[in-house]
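Chains as they are written, first to last, in the working numbering: chain A, 9 to 216; chain B, 14 to 343.
I have placed the structure first, in the form of structure tokens, so that the comments after it can refer back to it.
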């Protein structure tokens, strides 16, 4: 489903039109925001701009091909799972009744997909984590540092900014997920692939 | 060619018509809450309607004009004064250098816009001048204005100074915008049904249309929390997150509504009960905590017609303002 969403988003980007504001791909939906006035004046649809968009989305659905899209970029991302960067790792291990090294092994074994980006600038929702480490959100959100890697349900994700959050924090990356001053403030794209690998606290500091 | 913030207001930011095309990266459009007032402020000041303006809240800032400038003030009425004299809203005004703009009393509305001829000389971020407070980017250093901040104008507006009369601090030019139609029936807010509207119990669908909703104090540029009769869904399973927009009405687990405003998140997992029609977002943006809202359901055709006539008025206004200013300068 998410592959079809990405294919439709790519098709729409290729067939961009005046008045197209945003294309937001999510897990199983595609949201398009547009300026009805611009569409009405430029394309003079027979009825409403909404119907015009609806037809276009139908065309995107029919003509987009999830098999023809370019293979996704793979990001290999270092994570430090050591205590000072992983405030919830021990509690999570206790709750799941496995060891912290098993959590780390399972978390790094999978190539995840960026299902969508939302919540904060550059917050990538990755899935799907192994059932053995899937865990509910914390009852109370706490303050989370930028770069923190968390698990919520079957999802994992990286906080791009310091923010309140309810995900179980199991590690931190030494990279910036979001840098407004970089040429590409958000370097991950929806549809990309991600694999984590563990690093020590010392490596974390040198890579920062 | 600049102005200086002598004393900052509650929340003064640079905004424009928004930062589009980045929502798939989690970067929202932002922009002026009341895009109508911001657009008209620009037209009156002889700018394109999407130029950057100052959006201020009450208590408003104190601003020192270091240079003569052609300005306009629109939106909420915070009783603006230049030195000791009141300034009118929705008019072009030439102000003299070394005068101070301040705001006295909150009379009406929630946000006020100040446009300067030529616009502000700030760097765009991802194609827009709007301040994104969460990202700390855009506008003026990505933040609210603070004491001592100096905002440069992009253009020299000295040729309007000839309109200033000897001994006067400002000169109001002799045309105005009649914005009454845009803000009439301020509490009646139209919406179109959202994807999950049909998930509401029939009684709750009635409740939404027949009851008043009050804007909660925890309301800001991100969203308006509403207080009203709790609405119930037929089922209470969790939804998978999807894209949301400016004006999306979401139902919180406690049965209360939140209406997403300019600084909303790009995705959300709560049911989308409806979407405020674009033509009524300016009205909504000028409502304040403890104001009431009466929702009215309309179809897409009506929503588009409302927006169409509003935008057509804007086009006519743009021509009129342009012609008036040209006559003066020539």
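No residue lacks a Cβ here, since even glycine has one placed at the ideal position from N, Cα and C.
Computed from a prediction, not measured in an experiment: that's the story for all the values here.
Among all the DSSP beta bridges, which residues are the ones paired with residue i?
i	result
residue 256(B)	280(B)
residue 134(A)	122(A) and 164(A)
residue 126(B)	68(B) and 87(B)
residue 165(B)	15(B)
residue 98(B)	95(B)
residue 32(B)	Answer is none; residue 32(B) lacks a bridge partner.
residue 263(B)	271(B) and 285(B)
residue 225(B)	307(B)
residue 158(A)	165(A) and 177(A)
If we define contact as Cβ-Cβ less than 8 Å, is residue i a contact residue for chain A?
i	result
residue 329(B)	no
residue 22(B)	no
residue 250(B)	no
residue 147(B)	yes
residue 317(B)	yes
residue 56(B)	no
residue 155(B)	yes
residue 294(B)	no
residue 321(B)	yes
residue 138(B)	yes
Going by the CB atoms, is the gap between residue j and residue i shorter than 8 Å?
i	j	result
residue 74(A)	residue 145(A)	no
residue 12(B)	residue 125(A)	The requested residue 12(B) is not part of the displayed model; chain B covers only 14 to 343.
residue 292(B)	residue 319(B)	yes
residue 86(A)	residue 148(B)	no
residue 77(B)	residue 16(B)	yes
residue 214(B)	residue 245(B)	yes
residue 13(A)	residue 37(A)	yes
residue 175(A)	residue 199(A)	no
residue 152(B)	residue 60(B)	no
residue 168(A)	residue 130(A)	yes
residue 107(B)	residue 57(B)	no
residue 189(B)	residue 104(B)	yes
residue 112(B)	residue 226(B)	no
residue 207(B)	residue 252(B)	no
For a cutoff of 8 Å on Cβ pairs, would you count residue i as touching chain B?
i	result
residue 146(A)	no
residue 125(A)	yes
residue 130(A)	yes
residue 212(A)	no
residue 34(A)	yes
residue 159(A)	no
residue 170(A)	no
residue 25(A)	no
residue 151(A)	no
residue 57(A)	yes
residue 166(A)	no
residue 136(A)	no
residue 31(A)	yes
residue 194(A)	yes
residue 22(A)	no
Going by C-alpha to C-alpha distance, which of the options sits closest to residue i?
i	options	result
residue 250(B)	212(B), 217(B), 230(B) and 231(B)	212(B)
residue 192(A)	258(B), 282(B), 312(B) and 140(B)	140(B)
residue 112(A)	120(A), 122(A), 101(A) and 121(A)	101(A)
residue 106(A)	95(A), 54(A), 131(A) and 139(A)	139(A)
residue 232(A)	88(A), 57(A) and 39(A)	Residue 232(A) lies beyond the residue range present for chain A, which begins at 9 and ends at 216; the question has no answer from this structure.
residue 65(A)	17(A), 43(A), 48(A) and 194(A)	17(A)
residue 303(B)	231(B), 256(B) and 35(B)	231(B)
residue 337(B)	127(B), 173(B), 30(B) and 35(B)	173(B)
Chain E beta carbons: is any one of them nearer than 8 Å to that of residue i?
i	result
residue 297(B)	The structure shown contains no chain E; its protein chains are A and B.
Is the beta carbon of residue i within less than 7 Å of some heavy atom of the ligand HEM?
i	result
residue 78(A)	Of ligands this structure carries none, so the ligand HEM is not represented either.
Would you check if the stretch 43 to 54 of chain B and the stretch 265 to 279 of chain B touch, i.e. whether three or more CB-CB distances between them fall below 8 Å?
yes
Is it true that the stretch 52 to 63 of chain B meets the stretch 47 to 67 of chain A, where meeting means three or more beta-carbon pairs spaced less than 8 Å apart?
no
Can you find at least 3 beta carbon pairs, one from the stretch 60 to 77 of chain B and one from the stretch 99 to 118 of chain B, that sit closer than 8 Å?
yes
Are the stretch 285 to 299 of chain B and the stretch 189 to 208 of chain B touching, with three or more C-beta to C-beta distances below 8 Å?
yes
Taking three-plus beta-carbon pairs below 8 Å as touching, is the stretch 153 to 162 of chain B in contact with the stretch 19 to 28 of chain B?
yes
Do the stretch 173 to 193 of chain B and the stretch 201 to 214 of chain A touch if we need at least three Cβ pairs shorter than 8 Å?
no
Take every Cβ of the stretch 150 to 159 of chain B, pair it with every Cβ of the stretch 80 to 95 of chain B, and state whether three or more of those distances are shorter than 8 Å.
no
Contact the stretch 302 to 321 of chain B vs the stretch 333 to 343 of chain B: 3+ CB pairs below 8 Å
no
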